[in-house]
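Taking it in order: structure first as structure tokens, then the write-up.
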Amino acid sequence: MGFLAPALLGLAALAGVPLLVHLLRRRVARTVDFPAVRYLTRMEQEHSREMKLRHMLLLLLRILAVLALAFAAARPIARLAGIGHAPVAIAIVIDNSMSSGAVIDGRAVLDDLRGDARALLGDLTAADRAWIVTADGRVTGGPLTALADAVDGLVPLGGRGDLGAATRRAAALTASGAPRARVVALVSDGQVNSFSGAADSLVALGDVPLVALLRSHGPMRNRAVVAAGAEPARWTPTGNVTFAIASPDSAPWRVTLDGRTVARGTAAAASVETPVRVAQRLGSSSTGWVRGSVELDTDELRGDDVRWFAVRVAPPPTVAVRTEAGPFLSAALATLLEEKRLARGGEGTPGTVTVSSADAAGLRGPVLLAAPSDPVRVGEANRTLARLGIPWRFGAIARDLVLTRADSALNEVPVRLRYPLMRSPGNASSAASDTLAMAGGAPWAVAGPDYVLVASPLEPDATDLPVRASFVPWLLDALSRRLGSDGALIEAHPGQALDGFASSTGLERPDGSLIPLTGDRLTAPNTPGVYYTRRDDVRTGALVINPEPSESDLSSSEAADGGMMARVTGRSITTETDAARWRTRILDNAIGRTLIPPLLVLALLALLLEAWFSRERGAASADGSTKSRAKRVTPSSRAA
Amino acid sequence: MSAPRADQLDPAVLAALGHLELVARWIVDGFITGLHRSPRKGFSVEFAEHRPYQPGDDLRYLDWRIAARADRWVVKQFEEETNARAVVVLDVSRSMQWTGDPARLSKLAYAERLAAAIALLLIRQRDAVGLVRFDAGLRNVIPPRAQRAQWRRLVAAFDEDGGGPASDVAGALMQAGRIVRRPGFVVLLSDLLVDAQPVADVARTLRARGHEVLVIQIMDPAERDFLEAGEALYRDPESRLELPASPGDVRESYQATVRDAVAEWRALLGSAGARFAVATTDEPFGRPLRLLVGSNGRGAVI
Chain W
2 MGFLAPALLG LAALAGVPLL VHLLRRRVAR TVDFPAVRYL TRMEQEHSRE MKLRHMLLLL
62 LRILAVLALA FAAARPIARL AGIGHAPVAI AIVIDNSMSS GAVIDGRAVL DDLRGDARAL
122 LGDLTAADRA WIVTADGRVT GGPLTALADA VDGLVPLGGR GDLGAATRRA AALTASGAPR
182 ARVVALVSDG QVNSFSGAAD SLVALGDVPL VALLRSHGPM RNRAVVAAGA EPARWTPTGN
242 VTFAIASPDS APWRVTLDGR TVARGTAAAA SVETPVRVAQ RLGSSSTGWV RGSVELDTDE
302 LRGDDVRWFA VRVAPPPTVA VRTEAGPFLS AALATLLEEK RLARGGEGTP GTVTVSSADA
362 AGLRGPVLLA APSDPVRVGE ANRTLARLGI PWRFGAIARD LVLTRADSAL NEVPVRLRYP
422 LMRSPGNASS AASDTLAMAG GAPWAVAGPD YVLVASPLEP DATDLPVRAS FVPWLLDALS
482 RRLGSDGALI EAHPGQALDG FASSTGLERP DGSLIPLTGD RLTAPNTPGV YYTRRDDVRT
542 GALVINPEPS ESDLSSSEAA DGGMMARVTG RSITTETDAA RWRTRILDNA IGRTLIPPLL
602 VLALLALLLE AWFSRERGAA SADGSTKSRA KRVTPSSRAA
Chain P
231 MSAPRADQLD PAVLAALGHL ELVARWIVDG FITGLHRSPR KGFSVEFAEH RPYQPGDDLR
291 YLDWRIAARA DRWVVKQFEE ETNARAVVVL DVSRSMQWTG DPARLSKLAY AERLAAAIAL
351 LLIRQRDAVG LVRFDAGLRN VIPPRAQRAQ WRRLVAAFDE DGGGPASDVA GALMQAGRIV
411 RRPGFVVLLS DLLVDAQPVA DVARTLRARG HEVLVIQIMD PAERDFLEAG EALYRDPESR
471 LELPASPGDV RESYQATVRD AVAEWRALLG SAGARFAVAT TDEPFGRPLR LLVGSNGRGA
531 VI
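Keeping their order, the protein sequence lines are chains W and P.
Residue numbers 2 to 641, in our numbering, belong to the letters of the first sequence in order.
Residue numbers 231 to 532, in our numbering, belong to the letters of the second sequence in order.
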């Protein structure tokens with residue numbers, strides 16, 4: 002038994018009032034002259050036992066009424082056998098991931114899920130507390146009508162969402178509904194991807210029971226574009242579009258650039274795990290950021306029939322190569338120049354990046370600099386950095402073998418000689434995003450507005466980077482995006498948390514409207530498409546939102562890993578496939594009911610009894626006196 | 231519009247208008263007016279007038295002198311003889327001095343005015359009236375007299391001491407029976423907060439001697455209804471007996487007990503041949519005065 006408003010239990014102290022009054026009556030301070038005391042005495046002699054019983058009964062009835070009202074005010078709930086249910090704190094998790102947008106027999110799966118949720122809301126009462134939690138983690142609370150409206154307004158997400166996080170959040174929400182019986186109700190299409198992923202591979206619910214309704218459906222023929230991208234990052238103005246298509250049969254595809262179809266074809270049948278990969282060499286007549294898509298004919302699940310990509314179309318970056326850059330850097334740049342990925346420019350020409358060793362004299366930004374080969378030249382190199390306004394300095398030489406740590410191609414690169422980078426005095430608070438890689442606990446590669454700086458000479462004796470296959474693409478990326486005007490290309494899934502937007506002022510939607518950005522973090526929009534980051538009126542990068550490829554696999558979770566519920570742990574995890582049984586099972590977790598109505602009835606009954614007994618006693622006294630009068634006709638002496 | 235009759239006015243209002251004697255006269259005047267009666271005439275000792283003789287008239291009342299002088303046969307008619315003797319027995323104990331509301335007369339004040347009116351009424355019809363005042367003992371014993379000055383003696387006795395801590399009703403009644411030598415009329419005015427049986431026994435004795443006995447219980451409305459508010463310790467001013475009670479809880483029982491007690495008095499006195507009535511201090515004096523008239527022909531004084 003619990004109380005929804007336990008503070009009001011203090012009202013039970015009022016039960017002491019009738020008791021206090023009763024006791025105080027025994028200590029009467031007021032004395033009144035009353036000649037007819039002999040009548041009172043006689044009355045007591047005749048009615049003493051009845052009066053004591055009546056007083057006691059009235060006292061008990063009054064105390065009972067006060068206690069019942071106080072307990073009712075505290076809104077007690079109890080698990081009692083019988084019909085109805087005690088108030089529940091229920092969080093309904095609706096899996097509105099992209100797969101819920103599939104249409105089966107002319108009806109969207111999400112419509113069924115919404116219907117199940119609405120039916121469950123219909124079983125709830127005002128004493129219950131409920132929330133709607135969607136797969137993207139959005140929470141709706143409030144009265145049942147508001148929740149029903151929220152359910153009606155649900156649309157499929159553009160991606161998988163994070164059902165695990167949503168379920169964990171739902172379980173946490175129910176805690177605020179205590180002492181109601183807590184329960185998490187999950188309604189899902191049971192798609193194999195529902196609970197997958199590293200972050201939510203295991204959902205621990207503890208004591209909160211979970212009752213899941215997995216709506217099974219037959220096998221679906223889903224065609225999907227599971228990957229799409231442009232290579233290289235900058236087209237000059239040609240490049241490749243590579244994409245992957247999964248389809249149970251041959252599927253016609255088309256590629257568009259800026260809304261114009263530029264290629265068509267047909268892909269053979271393939272599964273999601275081993276899709277057909279297609280590469281198309283294309284050229285763009287537009288320049289700047291170009292929005293592209295790979296499209297299939299619409300089928301039951303339309304969310305994965307289009308996949309977006311973005312490419313920067315511009316002349317190749319221009320570079321000026323100093324001899325101090327060393328043979329490996331010079332050779333890599335010569336290759337890129339030969340392939341026309343780069344163009345040679347004059348040092349000091351606007352937009353031309355100078356590639357050199359940091360100890361070279363007369364450098365002007367933008368620059369891509371490596372540490373000097375000769376330790377003696379480190380001082381000269383630091384003076385060059387100071388002259389260029391670069392807030393980093395080379396530290397003392399370190400010759401131990403370390404591996405770099407980075408999120409890019411610079412990860413796990415062996416380094417044998419390095420000059421750990423240190424912030425120059427007065428620049429200690431620069432953003433951490435300037436660091437491209439760490440080595441031995443110190444920055445090894447950093448980037449800024451007009452510079453890219455590597456803490457080792459780009460020679461095999463110092464580091465393996467120049468002899469790695471990833472060296473040339475990294476170099477081209479650094480020259481075009483870090484030092485050029487290409488900006489960043491970010492690929493993400495709907496709802497994914499992103500950061501690194503501190504320098505952006507807005508996000509341009511595909512329809513051209515603008516979302517203001519104020520912080521470093523951003524939650525990826527739910528609608529797939531190509532968005533552009535902007536700094537004022539200038540596009541500084543592209544954000545490409547596509548659904549997770551695994552979301553296109555519409556097979557049931559029961560076939561994988563023993564079902565999606567295997568990823569959920571807790572005291573009570575129940576799976577149902579029938580909606581009625583699902584609702585029954587949910588409310589079974591709160592067998593019993595609120596005790597307010599019976600307590601109010603009890604209080605009312607006590608008060609009615611008290612009133613009735615008082616009146617009835619008076620009438621009975623009058624009747625009794627008539628009868629007793631007849632008996633007392635016989636003379637008898639009565640002591641005062 | 232006729233002036234209001236004093237015997238129908240509120241006792242407290244009437245008492246505020248004048249002295250006890252004056253009030254008693256108003257009461258009696260109003261009461262007689264209400265009766266529409268004139269003093270009865272009959273064969274008594276005091277001559278009233280002559281009337282022609284008719285066959286059947288008692289020859290003792292034939293006026294022989296006129297018959298001799300004028301040869302007319304007439305008989306003498308006299309005022310009816312004053313042969314009734316009455317005693318008013320008034321309880322002046324401490325409990326009679328109580329009133330439940332300062333706006334009302336105390337039981338004693340009410341009883342004194344009622345006694346004065348009764349006495350005046352009887353004296354006006356030439357009956358002899360006496361008075362016995364008592365509490366724990368006899369305070370005043372005034373034998374019955376028919377003289378006009380008797381009433382003033384009776385009224386003057388009301389100013390004497392009283393307020394004793396008990397009421398010897400039976401003793402007072404017995405004393406009243408002693409001072410009325412011939413069969414007469416005894417009126418007891420008391421709150422009767424005593425045992426009923428001894429009083430009934432004395433009433434039976436008086437009835438055996440030929441006396442008419444009328445017992446009027448003077449009761450304050452608060453004693454009847456117990457409308458006192460709140461829990462209190464109730465104390466008998468005579469016996470000092472105290473008892474806690476809550477009128478709200480016991481009122482019904484109390485009123486039933488009072489009804490029982492009154493019924494018991496009525497039954498006991500009735501069986502003894504006495505008449506019994508209750509007069510509350512908030513009702514006009516006319517109603518208890520009418521008890522002197524009687525409706526069944528028994529015990530009528532006027």
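Every residue, glycine too, gets a C-beta built ideally from N, C-alpha and C.
These figures come from a predicted structure and were not determined experimentally.
Check, Outcome
"W/Y420 in three-state terms, based on DSSP", "coil"
"Touching by the beta-carbon criterion (3+ pairs, under 8 angstroms), the stretch 51-63 of chain W and the stretch 484-502 of chain P", "no"
"Separation of W/A71 from W/A131, as counted between CA atoms", "26 angstroms"
"Alpha carbon of W/R572 to alpha carbon of W/T262, nearest angstrom", "55 angstroms"
"Length of the line joining the Cα atoms of P/D479 and P/P451", "19 angstroms"
"Member of W/V277, W/E381, W/I246, W/I391 whose CA lies at the smallest distance from the CA of W/P450", "W/I391"
"Cutoff 7 angstroms: W/R1 Cβ touching any chain P Cβ", "No answer is possible for residue 1 of chain W: the residues shown for chain W start at 2 and end at 641."
"Neighbour-count burial assignment, P/S323, 16 or more Cβ in a 10 Å radius", "buried"
"Complete beta strand (DSSP E) runs within the stretch 362-411 of chain P (minimum length 3 residues, chain order)", "368-375"
"Minimum Cβ-Cβ distance from P/L521 to chain W less than 7 angstroms", "no"
"CB contact check: W/P19 to chain P, cutoff 7 angstroms", "no"
"Start-to-end residues for the beta strand (DSSP E) that takes in W/M542", "Note that residue 542 of chain W is Gly in the sequence shown here, rather than Met. Element bounds for W/G542: 539-546."
"Distance between W/G349 and W/A332 (C-alpha atoms, nearest Å)", "22 angstroms"
"Short CB-CB distance (under 7 angstroms) between P/Y464 and chain W", "yes"
"Backbone secondary structure at P/V424 - three-state DSSP", "coil"
"Simplified DSSP assignment, three categories, for W/T519", "coil"
"Contact check, W/L111 vs W/S98, beta carbons under 7 angstroms", "no"
"With 16 other Cβ atoms within 10 Å as the buried cut-off, status of W/P317", "buried"
"Chain-ordered chain W contacts of P/A475 [CB-CB under 7 angstroms]", "L41"
"Those residues which DSSP pairs with W/Y452 across a bridge", "W/V368, W/G449"
"Below-7 angstroms beta-carbon distance, P/L403 vs any chain W residue", "no"
"Distance CB(W/T575)-CB(W/R584) smaller than 7 angstroms", "no"
"Interface flag, W/M44 vs chain P, CB-CB below 7 angstroms", "yes"
"W/E296: first and last residue of the uninterrupted beta strand (DSSP E) it sits in", "289-297"
"Where the beta strand (DSSP E) containing W/M439 begins and where it ends", "436-440"
"Cβ-Cβ separation, W/F502 to W/T534 (assumed contact under 8 angstroms), whole Å", "7 angstroms"
"Closer than 8 angstroms at the beta carbon, the chain P residues around W/V33", "E458, A462, L463, Y464, R465"
"Own chain residues within Cβ distance below 6 angstroms of P/M449, not counting five before or after", "V508, T510"
"Residues near W/A432 in its chain [Cβ-Cβ closer than 8 angstroms; skip 5 each side]", "Low confidence applies to W/A432: its pLDDT is 46, below 50, so where it sits in the model is not reliable enough to give any reading."
"Under 8 angstroms by beta carbon: chain W residues contacting P/S325", "P36"
"DSSP-derived helix/strand/coil call for W/T645", "Given that chain W is displayed from residue 2 to residue 641, the structure contains no residue 645 of chain W and the question cannot be resolved."
"Which residues DSSP lists as bridging W/P444, in chain order", "W/M439"
"W/L41 beta carbon less than 7 angstroms from that of P/L473", "yes"
"Nearest-angstrom Cα separation, counted from P/R454 out to P/L463", "18 angstroms"
"Inter-residue Cα distance where the pair is W/L21 and W/F614", "21 angstroms"
"Neighbourhood of P/R465 by C-beta distance below 6 angstroms, restricted to the same chain and skipping five residues each side", "E472"
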